[in-house]
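In what follows, a single structure is set out as structure tokens and then discussed.
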Amino acid sequence: MDIPLTLKRASLAAAMLTLCGSAAAQGLSALLADGTTVNIKFPLEEFTTESAIYGLDSATKQIFCAGIGVSVPVSIDGGAVVIGGTGDGGELDANGVVIPGSVGGIQAHNFDRLLDENAVANGTAPGNGAGINFAGAARSIYSTDRFMMNHGGTRIEGQMFNQFATVRNTALVRHAAVLPTATLYVPSSVGLAGDYPSMSGGTCKSAGHVYLDSVGNEYYIPDLGIVIELSENVVGGLVRSVSQPIVNSSGVTVERGSMVVGDMMIMLNQDPRFTANSLGLGGSTIPSEVMWANLEVGSAVIVVGHMIGEDFMYGQWIETDAVDVGAPPQISAEQWLFTDAANRIRFRGFLDKPFVLDNAGNNTTTLMSLHVAFKDAAGLTLLDRLEELTIDPLTGVGQYRVRSRDEVNVADVAQIEMYATNPISGLEVIRTVWMRADVE
Numbered sequence: 274m275d276i277p278l279t280l281k282r283a284s285l286a287a288a289m290l291t292l293c294g295s296a297a298a299q300g301l302s303a304l305l306a307d308g309t310t311v312n313i314k315f316p317l318e319e320f321t322t323e324s325a326i327y328g329l330d331s332a333t334k335q336i337f338c339a340g341i342g343v344s345v346p347v348s349i350d351g352g353a354v355v356i357g358g359t360g361d362g363g364e365l366d367a368n369g370v371v372i373p374g375s376v377g378g379i380q381a382h383n384f385d386r387l388l389d390e391n392a393v394a395n396g397t398a399p400g401n402g403a404g405i406n407f408a409g410a411a412r413s414i415y416s417t418d419r420f421m422m423n424h425g426g427t428r429i430e431g432q433m434f435n436q437f438a439t440v441r442n443t444a445l446v447r448h449a450a451v452l453p454t455a456t457l458y459v460p461s462s463v464g465l466a467g468d469y470p471s472m473s474g475g476t477c478k479s480a481g482h483v484y485l486d487s488v489g490n491e492y493y494i495p496d497l498g499i500v501i502e503l504s505e506n507v508v509g510g511l512v513r514s515v516s517q518p519i520v521n522s523s524g525v526t527v528e529r530g531s532m533v534v535g536d537m538m539i540m541l542n543q544d545p546r547f548t549a550n551s552l553g554l555g556g557s558t559i560p561s562e563v564m565w566a567n568l569e570v571g572s573a574v575i576v577v578g579h580m581i582g583e584d585f586m587y588g589q590w591i592e593t594d595a596v597d598v599g600a601p602p603q604i605s606a607e608q609w610l611f612t613d614a615a616n617r618i619r620f621r622g623f624l625d626k627p628f629v630l631d632n633a634g635n636n637t638t639t640l641m642s643l644h645v646a647f648k649d650a651a652g653l654t655l656l657d658r659l660e661e662l663t664i665d666p667l668t669g670v671g672q673y674r675v676r677s678r679d680e681v682n683v684a685d686v687a688q689i690e691m692y693a694t695n696p697i698s699g700l701e702v703i704r705t706v707w708m709r710a711d712v713e
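Take 274 as the starting number for the sequence shown in this note's numbering and just add one per residue.
Take a look at the structure:
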């Protein structure tokens, strides 16, 4: 398992600050939810935030943090704006389970899904992520004291606090054999802030420029990026205990799966405002049921998510060594390096199912041919070549390392493609495309 692959998911702030140091703006005009068009201010006026959220305005689509209100527009230069790190809940089937492929990030049109009242149990966004039916948020997007200012004594407070108590207590029971005996057992019905751990608010990390409307009003538009996260908590190690999810005959999860790493209890994120990604070997996305089926005591995992108190975490990215044997092949990539001055490109990754299949769907001894292609902004191919695959004898996964120097003018490379073909038939099996701007 490659630890940096997951850890880099918690480093967006540094990337945004670097972007904002550039003199080049990422947008010229933005469309707000009320139909107003705003244009970038000249001379350029930049801003960055990495601060606790203390206000959300669903009417103006503003996130208040670091002393400013960051406006989330519908689009910038015609491109839709999505708040990074978030999930919009997706669409549910008749059994209340999210429909695979229906999940997207929160945007201006559904900005109100960020509100606590829409994220608790029985809120307006109960599902998120393939194979997951979310139970509801157990942590406010605000700090605990501001949450109590807003919702103390209300139904929302009770649902938020009871959600934490319910899922944590269930996990405590399932993993009692490996947890310290002194672990606090939270009452099944909380109701008081003193029984609930105190936490800081969710963080809005953004970078962009000031825009102006037709009468000179200023708007902080995150044209370089925006992401919301409740924490940057990371835990990695060997699994000490696993409790599998319990699913009823209708396909609805009635008890969430959980695990223990160290003394940390971990559950796949249940807050519908945020992601809940199960990752397999090489960072490939796998269904959550495949992840749970492959987890056992001694499995190595890395989890990025948000903690609730000192010993309980909702995992938003859980990375394992699992392989989804029933899925089509996937190509992953990481550790990107582009050096224009030296005409150098370097990255590495995995082809998780590198062997050609026979008519019965079984592996043959024939390796697929793996290609890398560099393309310019117009989609014209600058280079297309074969890459060597090294097979891991334990997992059967193919690893590749791309090293290119003085083969192309790297400054012209805007898009990278990896694709695998059957060397016998010549047919393409899988192709994955990355934009340089997204991975550099």
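For every residue, glycine included, the Cβ atom is placed at its ideal position computed from N, Cα and C.
Computed from a prediction, not measured in an experiment: that's the story for all the values here.
**Request:** Tell whether a beta-carbon distance below 9 Å holds between P560 and S551.
**Result:** yes
**Asked** Should the region 629 to 639 be regarded as contacting the region 648 to 666, the criterion being three or more beta carbon pairs within less than 8 Å?
**Response** no
**Item:** Distance CB(I246)-CB(S531) smaller than 9 Å
**Value:** Past the boundaries of the shown model lies residue 246; the chain is included only from 274 to 713, so the question cannot be answered.
**Prompt:** Is the distance from the Cβ of Q380 to the Cβ of G409 below 9 Å?
**Reply:** no
**Under 9 Å between C-beta atoms of Y415 and A325** = yes
**Request:** For T694, I'd like the list of residues in its chain whose CB is within less than 6 Å of its CB, leaving aside the five on either flank, ordered along the chain.
**Result:** S642 and E701
**Message:** Do P602 and T669 have their beta-carbon atoms positioned less than 9 Å apart in this structure?
**Reply:** It should be pointed out that residue 669 corresponds to Gly in this sequence rather than to Thr. Taking 9 Å as the Cβ cut-off, G669 and P602 do not qualify as a contacting pair.
**Request:** Determine the DSSP secondary structure at I689, reduced to helix, strand or coil.
**Result:** strand
**Prompt:** Helix, strand or coil: which one does DSSP assign to S677?
**Reply:** strand
**Prompt:** Where does R412 sit, in a helix, a strand or coil, going by DSSP?
**Reply:** coil
**Message:** In whole angstroms, give me the CA-to-CA distance for N391 and R619.
**Reply:** 44 Å
**Item:** CA-to-CA distance, V393 to S413, given in whole angstroms
**Value:** 9 Å
**Request:** Determine, using beta carbons only, whether E562 and T443 come nearer to each other than 9 Å.
**Result:** no
**Message:** Short of 6 Å in beta carbon distance, which residues of its chain neighbour N567, apart from the five on each side in sequence? Order them along the chain.
**Reply:** A595
**Request:** Using 8 Å as the cut-off, classify the Cβ of G481 as near or not near the heavy atoms of the ligand NAP, replying yes or no.
**Result:** Within the structure as shown, the ligand NAP is missing, as the structure has no ligands at all.
**Request:** Have a look at G425, L387, A411 and E713 and flag the residue whose alpha-carbon is nearest the alpha-carbon of I356.
**Result:** L387
**Message:** Tell me the residue span of the beta strand (DSSP E) that contains E319.
**Reply:** E319 to D330
**Prompt:** Quick one: what does DSSP say S471 is sitting in, helix, strand or coil?
**Reply:** coil
**Request:** Please say whether E319 and V500 have beta carbons closer to each other than 9 Å?
**Result:** no
**Prompt:** So, helix, strand or coil for H448, using DSSP?
**Reply:** coil
**Asked** So what does DSSP say about S698, is it helix, strand or coil?
**Response** coil
**Item:** Buried/exposed call for L511, threshold 16 Cβ in 10 Å
**Value:** exposed
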